[in-house]
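>
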Amino acid sequence: MQFKVPQDVQRADTIIGPLTWKQLIILAAGGGICYAIYVSLAKTYHVETWLPPIVVVGGLTAALAFLKIHDLTFERFLLCFLEYHLLPRKRIWKKGQAEPFVSFLQRKAEDEKLKKAQAVKKEEKSQKSIKEISKVLDSYSNELAQKKENLEKIINHKA
């Protein structure tokens, strides 16, 4: 008994003809933008005005959908191109000069821990201030009690 084994499992499934789902969505979005530009500009302007933006948007749409450079999709190629030109190419290593790499998720977790610690400190501070206020009030009531006792002694002494 023989079974069919898929040979190219990395290839995306085609939906309509040779188009994949991603290509179909890109073409639909680009076509919609081109149509919107045409409808908004064609009624009042000549061909020289509305044709260049449509050609640029259509060309970019076709490149995003179909163009591959060195087996990379055009969007991936653009991202790599930007990364290459925006990030520094020369790296200098100085022992003990930089902090270790911390990912975004780790930083987020550390920030949450820091916020919780600050909230706990704030709560402790408010509790401390409440304790101080209660001590002041208690000392005031003690002073009143002493004054009352002194007055009673004076009244009893006179009587």
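Residue numbers (numbering that gives the first Met the number 0): 0 to 158. Quick reminder that beta carbons are idealized off the backbone N, C-alpha and C, glycines included. What you are looking at is a predicted structure, and each value in this text was computed from that prediction instead of being measured.
Are the CB atoms of glutamate 47 and leucine 63 within a distance shorter than 7 Å?
As a position in the sequence shown, residue 63 is number 64, starting the count at 1. As a position in the sequence shown, residue 47 is number 48, starting the count at 1. No.
> Pull up the DSSP beta-bridge partners for isoleucine 15, would you.
Translated into positions along the sequence shown, residue 15 becomes position 16. Per DSSP, Leu18.
> Rank Ile36, His69 and Leu143 by C-alpha distance to the C-alpha of leucine 50 and give the top, closest one.
For the purposes of this step, residue 50 is taken as residue 51 along the sequence shown, with counting starting at 1. Here the closest residue by C-alpha is Ile36.
> How many angstroms separate the CA atom of isoleucine 153 from the CA atom of serine 125?
Taking the sequence shown and counting its residues from 1, the one referred to as residue 153 is at position 154. Taking the sequence shown and counting its residues from 1, the one referred to as residue 125 is at position 126. Going from the Cα of isoleucine 153 to the Cα of serine 125 covers about 42 Å.
> Quick check: the Cα distance between valine 38 and threonine 72, rounded to an integer number of angstroms?
Your numbering for residue 38 matches position 39 in the sequence shown. Your numbering for residue 72 matches position 73 in the sequence shown. In this model, valine 38 and threonine 72 are separated by some 31 Å (Cα to Cα).
> Determine the extent of the alpha helix (DSSP H) in which arginine 75 is found, giving its start and end residues.
If you number the sequence shown from 1, residue 75 lands on position 76. 73-85 is the span of the alpha helix (DSSP H), which, as asked, contains arginine 75.
> Using the C-alpha atoms, what's the distance from alanine 28 back to lysine 120?
Sequence index remark: in the sequence shown, residue 120 carries index 121 (1-based). Sequence index remark: in the sequence shown, residue 28 carries index 29 (1-based). When rounded, the distance between both Cα atoms is 52 Å.
> Please state if the CB of valine 56 and the CB of cysteine 33 are separated by a distance shorter than 7 Å.
As a working note, residue 33 is residue 34 in the sequence shown. As a working note, residue 56 is residue 57 in the sequence shown. In contact: cysteine 33 and valine 56 (Cβ atoms closer than 7 Å).
> Pull up the DSSP beta-bridge partners for lysine 67, would you.
Counted from its first residue, the sequence shown places residue 67 at position 68. Beta-bridge partners assigned by DSSP to lysine 67: Thr72.
> Since alanine 11 contacts lysine 21 with CB under 8 Å, what's their CB separation in whole angstroms?
Walking along the sequence shown from the start, residue 11 turns up at place 12. Walking along the sequence shown from the start, residue 21 turns up at place 22. Right, the Cβ-Cβ distance comes to about 7 Å (below 8 Å), so this counts as a contact.
> Just mark threonine 13 as buried or exposed, buried being the case when its beta carbon has 16 or more other beta carbons within 10 Å.
The count along the sequence shown starts at 1 and reaches residue 13 at position 14. Result: exposed.
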